[in-house]
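Going by numbering that gives the first Met the number 0, the sequence shown opens with residue 0, and the numbers climb by one from there.
We treat Cβ as the ideally placed atom computed from N, Cα and C, and that holds for glycine.
These notes concern the structure reproduced below.
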Amino acid sequence: MSGSQFRPVSSIFSNRRKLVAVVLVLLAIVVGWKLLGKGSGRPGMSMDVPPVRVATALAQDVPHFLNGLGTVLPSGDVLVTSRVDGQLQRLHFAEGQRVKAGDLLAEIDPRPFQASLDQALGNLAKDKAQLGNARKDLERYAKLSQGNYIAAQQYETQRALVKQYEGTVGADQAAVDSARLQLEYSRITAPISGRLGLRNVDEGNMIKASDTNGLVRITEISPCDVIFTLPESQVPLVVQALRHSESLPGSPPLVVQAWDREQKRLLAVGHLLSLDNQIDSATGTVRLKASFANEDGALYPNQFVNARLLVRILPGAVTVPASAVQLGTRGSYVYVVRQGENGQDEAQLCLVTPGVSSGGLTVIDKGLEAGTRVVVDGLDRLRDGTAVRVAATVETPRAESVNATAESGSSAAGLAGSAAAAGSTGTAKSAELAGTAGTAGAAMPAGAGGNGQGQPPSTGGTPPPEARHAP
């Protein structure tokens, strides 16, 4: 081969060397620009100091709720049926109408029943006349028997005849009462007060007492009941609250709130009636019944609701926004903002024991004092000891008003006393009791900032290495 055949190869190597040189020059320019950009910042304001938003931990009274799923049931539910067979002559109601007990609803053709009553009355009158005549004969026979003017057998026969007529008259009277009752049954009246549903039969139809569809249904929804369930782990809290409420004379019943399906709107406020006497082993839940006045008709039979049972008030509990509480391998923690040795704000990791969550805030049972600043936004860039810049201070949500949780005229003082008696004053004991209840306690509806399970919702950000690798 000649030397001219190797020139393309050497040319290729030469081009590669030029390309590498160009890349190195560009890289040097980029690095230099980065260094110049850092040096051009304002004095005392590093580009690496992350901005954060903080809130101040507050001490406030927090209501402790237990959440359960429930169904609305009418306090009275009756299917109106006919007690006699006959032709439906007239209806005296409109569908959806409210009626009172005893109101006339319908009439069945009374003529057959009137005829039966007249016949029974005729038989009764006839047999009463025969009985009266037999009694007079018995009186005469009694006098004749004393003077031995008639045989004793004749007197005894007359006595038996009187007894027979007395029995006949009694049967006739029962027939009259039955016929009169049948006639009364031809007028169908409302057995309870309530609201009528849709009618199942029209005028002119033949109806029977054996018809299963009935004439119309009456439901009493004012007041109404709600049957809801709670996990068996929360039974001790309910029992404790019930016992304390019953032990105080004049103490109001436990308050129950009914929220809509989406947990965004409060429908009604009522009170707890009773706790079931056993736990369902198949579901691990216990049933409870609450009563609601429901004067505005917000609750409807068979409606699905979210029930919230107020079991106690946590007085003076330390609270922070729910977004401040994070979860790591060592447990729950918050970042508190304090001044470091150089006088600059630092984010310091603080392990805490969270309690119940309500209204976008979380109760801290242990590990934090009121007045401490905690980070609520910008957590993803923080590590223990990271210098931070406070960009804004947000307000810690206020707990739901204690008075707003009770019905008009009732007081929450008993519940506050229950919390004090249970030792639930924002201490480790409160955390222990909340743990007994499955830490599901006082979850607000999801739309109100809670997750429905008494746990602080995750707000983004990953646990720092100190939390991820904590023993």
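Please state the DSSP three-state secondary structure of Leu87.
For the purposes of this step, residue 87 is taken as residue 88 along the sequence shown, with counting starting at 1. Strand, per DSSP.
Three-state secondary structure assigned by DSSP to Phe112:
Locating residue 112 in the sequence shown gives position 113, counting from the first residue. In this structure, Phe112 counts as helix in the three-state DSSP scheme.
Rounded to whole angstroms, what's the CA-CA distance from Arg374 to Pro49? Just pull it up for me.
Taking the sequence shown and counting its residues from 1, one reaches residue 374 at position 375. Taking the sequence shown and counting its residues from 1, one reaches residue 49 at position 50. Reading off the sequence shown, one finds Val at residue 374, where the question assumed Arg. One C-alpha to the other measures close to 12 Å.
On the criterion of 16 or more Cβ atoms from any shown chain inside 10 Å, does Phe112 qualify as buried, or is it exposed?
Numbered from 1 along the sequence shown, position 113 holds the residue referred to as residue 112. Buried is the call here.
So what's Asp259 in DSSP terms, helix, strand or just coil?
Translated into positions along the sequence shown, residue 259 becomes position 260. Residue state, collapsed to three classes: coil.
If contacts are defined as beta-carbon pairs under 8 Å, then Ala56 and Ile363 qualify, I think. What distance do you get, rounded to the angstrom?
As a working mapping, residue 56 is identified with position 57 in the sequence shown. As a working mapping, residue 363 is identified with position 364 in the sequence shown. That belief holds up - the Cβ atoms of Ala56 and Ile363 are roughly 7 Å apart, short of 8 Å.
Taking its Cβ as the centre, do 16 or more other Cβ atoms sit within 10 Å of Thr211, making it buried, or is it exposed?
Your numbering for residue 211 matches position 212 in the sequence shown. Label assigned to Thr211: exposed.
From the DSSP output, which residues share a beta bridge with Leu180?
Translated into the one-based positions of the sequence shown, residue 180 becomes position 181. Paired residues: none, contrary to the question.
How is Pro235 classed by DSSP in three states: helix, strand or coil?
Position 236 of the sequence shown, counted from the first residue, corresponds to residue 235. Pro235 falls in the helix class under three-state DSSP.
So what's Leu247 in DSSP terms, helix, strand or just coil?
If you number the sequence shown from 1, residue 247 lands on position 248. Of the three classes helix, strand and coil, the one that applies to Leu247 here is coil, per DSSP.
With DSSP as the reference, label Leu18 as helix, strand or coil.
In the sequence shown, residue 18 corresponds to position 19, counting from 1. Helix at Leu18.
In three-state terms, what does DSSP make of Ile217?
Taking the first residue of the sequence shown as position 1, residue 217 is located at position 218. Here Ile217 sits in strand by DSSP.
To the nearest whole angstrom, what separates the beta carbons of Ala267 and Asn301, a pair I think is in contact under 8 Å?
Working through the sequence shown from its first residue, we reach residue 267 at position 268. Working through the sequence shown from its first residue, we reach residue 301 at position 302. Ala267 to Asn301, Cβ: 16 Å. No contact.
Nearest-angstrom Cβ-Cβ length linking Glu345 and Val387, presumed shorter than 8 Å
As a first step, residue 345 must be located in the sequence shown, where it is residue number 346. As a first step, residue 387 must be located in the sequence shown, where it is residue number 388. At roughly 7 Å, the Cβ-Cβ gap stays under 8 Å, so Glu345 and Val387 are in contact.
Give the straight-line distance between the Cα atoms of Lys135 and Gln172, rounded to the nearest whole angstrom.
Here residue 135 refers to the residue found at position 136 of the sequence shown. Here residue 172 refers to the residue found at position 173 of the sequence shown. Their Cα atoms are separated by approximately 21 Å.
Beta-carbon proximity list for Ser45, same chain, < 7 Å, skipping 5 on both sides
The residue labelled residue 45 in the question sits at position 46 within the sequence shown. Below a pLDDT of 50, predicted positions are generally treated as unreliable, and Ser45, at 49, falls in that range; the measurement from the model is reported next regardless. Around Ser45: no qualifying Cβ.
Count the other C-beta atoms from every protein chain shown that fall within 10 angstroms of the C-beta of Arg337, then say buried if there are 16 or more, exposed otherwise.
If you number the sequence shown from 1, residue 337 lands on position 338. Arg337 is exposed by the Cβ-count criterion.
If you follow the beta strand (DSSP E) that Lys288 is in, where does it begin and where does it stop?
As a working note, residue 288 is residue 289 in the sequence shown. Per DSSP, Lys288 belongs to the beta strand (DSSP E) from 284-291.
Taking the DSSP output, what are the residues bridged to Leu65?
Sequence index remark: in the sequence shown, residue 65 carries index 66 (1-based). Paired residue(s): Leu308.
Flag this pair as touching only if the region 81-90 and the region 198-215 have three or more C-beta atom pairs under 8 Å; answer yes or no.
yes
Taking 8 Å as the cut-off, decide whether the C-beta atoms of Ala189 and Ala114 are in contact.
Within the sequence shown, the letter at position 190 stands for residue 189. Within the sequence shown, the letter at position 115 stands for residue 114. Contact flag unset, no.
Would you give the residue range spanned by the beta strand (DSSP E) that Ala267 belongs to?
Here residue 267 refers to the residue found at position 268 of the sequence shown. First-last of the beta strand (DSSP E) with Ala267: 265-274.
For Arg186 and Pro73, I'd like the C-alpha separation in whole angstroms.
Position 187 of the sequence shown, counted from the first residue, corresponds to residue 186. Position 74 of the sequence shown, counted from the first residue, corresponds to residue 73. Approximately 26 Å between the Cα atoms of the pair.
From which residue to which residue does the beta strand (DSSP E) around Gly193 run?
Sequence index remark: in the sequence shown, residue 193 carries index 194 (1-based). Looking at the DSSP string, the run of the beta strand (DSSP E) that includes Gly193 is 193-195.
Applying the 10 Å Cβ sphere with the 16-neighbour rule, what's the burial state of Ser81?
Your numbering for residue 81 matches position 82 in the sequence shown. That one is buried.
Rounded to whole angstroms, how far is the Cβ of Gln343 from the Cβ of Tyr334, which I believe are closer than 8 Å?
As a first step, residue 343 must be located in the sequence shown, where it is residue number 344. As a first step, residue 334 must be located in the sequence shown, where it is residue number 335. 15 Å between Cβ atoms; not a contact.
I need the boundaries of the beta strand (DSSP E) containing Val336, first residue and last residue.
Residue mapping note: residue 336 aligns to position 337 of the sequence shown, counting from 1. Element bounds for Val336: 330-338.
Taking 8 Å as the limit between beta carbons, can you name the residues of its chain near Cys223, skipping five residues before and five after?
In the sequence shown, residue 223 corresponds to position 224, counting from 1. If we look at Cys223 and ignore the five residues flanking it on each side, its Cβ neighbours are Val71, Leu72, Pro73, Ser74, Ser290, Phe291, Asn293, Leu298, Pro300.
Cβ neighbours of Ala391 in the same chain (closer than 6 Å, five flanking residues each side left out):
Working through the sequence shown from its first residue, we reach residue 391 at position 392. Around Ala391: Arg52.
Do you know how far the Cα of Thr328 is from the Cα of Arg372?
Mapped onto the sequence shown, residue 372 falls at position 373. Mapped onto the sequence shown, residue 328 falls at position 329. Straight-line Cα distance between these residues: approximately 23 Å.
Taking Cβ positions, are Ile217 and Val98 nearer each other than 8 Å?
Sequence index remark: in the sequence shown, residue 217 carries index 218 (1-based). Sequence index remark: in the sequence shown, residue 98 carries index 99 (1-based). A contact, by the Cβ cut-off of 8 Å.
Since I believe Ala398 is in contact with Thr318 (beta carbons under 8 Å), could you give me their beta-carbon distance rounded to a whole number of angstroms?
Here residue 318 refers to the residue found at position 319 when the sequence shown is read from its first residue. Here residue 398 refers to the residue found at position 399 when the sequence shown is read from its first residue. 7 Å between Cβ atoms; contact.
Would you be able to state if there are at least three C-beta pairs under 8 Å between the region 120-140 and the region 226-240?
no
At 4 residues or longer, and completely inside the region 99-146: list those alpha helix (DSSP H) runs for me, N to C.
110-145
Where does Gln153 land, buried or exposed, given buried means 16+ other C-beta within 10 angstroms?
Mapped onto the sequence shown, residue 153 falls at position 154. Result: exposed.
Could you tell me the boundaries of the beta strand (DSSP E) in which Val389 lies?
Reading the sequence shown from its first residue, position 390 is the one you call residue 389. Taken as a continuous stretch (DSSP letters only), the beta strand (DSSP E) holding Val389 covers 388-392.
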